[in-house]
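Participant:
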Amino acid sequence: MIDEIAKLMIATSMVDGHAHTDEATALGTVLGGLGYSQEKTMALVNEAFETNDMPSWVMDSIDSLNTMGTEQKQMALASMMLMAMADGVVDPSEVTLIDTVANALGMELPKS
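In my numbering, the protein residues as written are 149 to 260.
#1: Are three or more beta carbon pairs between the segment 223-243 and the segment 168-177 nearer than 8 Å?
#2: Starting from the N-terminal side, write out each stretch of the alpha helix (DSSP H) that is 4 residues or longer and does not extend beyond the segment 230-254.
#3: Helix, strand or coil for residue 217 per DSSP?
#4: Please state whether DSSP places residue 201 in a helix, a strand or coil.
Right, dumping it as structure tokens:
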């Protein structure tokens, strides 16, 4: 489950096209708390930058999460939301990605 959360957090941080130090800090803090080393986190970040097919890269995580329970799906979505808010600006592209992932997971996000 941690790999899936990591990939979805990284995708959320990348979708707006801007790299923010606050997002990198949030990523390191969350994944470090889940037992990820800095090296493993950086390997996944590099993998994300090198992929030629980000939708498939994200879909692999969605497919895996769809074999898990509601709690794991909620944790993944909450982690994506945290990443979107990390830089203080929630970009519409981040909202769209989170909503798309939530729908693919069969989850509903609270509407404001």
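Backbone N, C-alpha and C fix where the C-beta goes; we use that ideal spot for every residue, glycine too.
Facilitator: Per the coordinate set shown:
#1: yes
#2: 240-252
#3: coil
#4: coil
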